[in-house]
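Trainee: Numbering (this note's numbering), first residue to last: 26 to 210. No residue lacks a Cβ here, since even glycine has one placed at the ideal position from N, Cα and C. No experiment lies behind these values; they were computed from the predicted model shown.
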Ligand SMILES: [Zn+2]
């Protein structure tokens, strides 16, 4: 009897692995076509390690007022003058209407300085900005992916697949993602 229950439980866990957030990309043409899928894969991996499953798609006409479980991510072909000098992206925090943006020229320049692949840094920056939204906070951490500024230490860690969210961040992000998924229903 027990093994059957165990199998049923595992099957349920497989069907419901946790909250699933949709990331909708606006202006994908800001980034080279070969770079974006690699960056998306890395960002999705970093978020999945925090227990957040993500689905990614390109924005369409129906994406003007996104559902609570959808986060808009804007890719920019310019570097906004309002962007802090050492920043590669931004998160506009406005409850369920929050959205993020990443500047491709800023990522390119930082990737060059840090001697890291552009797609890798783009993926890490995407995960960082989505992190702000799922943490509902502009605050930064001393370690992990939510540091104020990616340096050599973070570049090396992301290269090894070891740059991620801290335990406390994971807990808060999961709660926010669960809340957003529940608000959708
Ligand atoms: Zn930040």
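Provide the residue(s) that pair with residue 99 in DSSP beta bridges, ordered along the chain.
Mentor: Its beta-bridge partners are 51, 126.
Trainee: Excluding the five sequence neighbours on either side, which residues of its own chain have a C-beta within less than 7 angstroms of the C-beta of residue 161, listed in chain order?
Mentor: Closer than 7 angstroms at Cβ, skipping near neighbours: 118, 201.
Trainee: Between the Cα of residue 146 and the Cα atoms of 102, 188, 194, 84, which residue gives the shortest distance?
Mentor: Closest option to residue 146, Cα to Cα, is 188.
Trainee: Check this for me: beta carbons of residue 46 and residue 94, under 9 angstroms apart or not?
Mentor: Closer than 9 angstroms, so yes.
Trainee: Would you mind stating whether residue 44 and residue 205 have Cβ atoms separated by less than 9 angstroms?
Mentor: Yes; because the gap between Cβ atoms is below 9 angstroms, this pair is in contact.
Trainee: Any heavy atom of ligand 1 closer than 8 angstroms to the Cβ of residue 194?
Mentor: Result no, Cβ not under 8 angstroms from ligand 1.
Trainee: CB residue 151 to CB residue 127, shorter than 9 angstroms?
Mentor: In contact: residue 151 and residue 127 (Cβ atoms closer than 9 angstroms).
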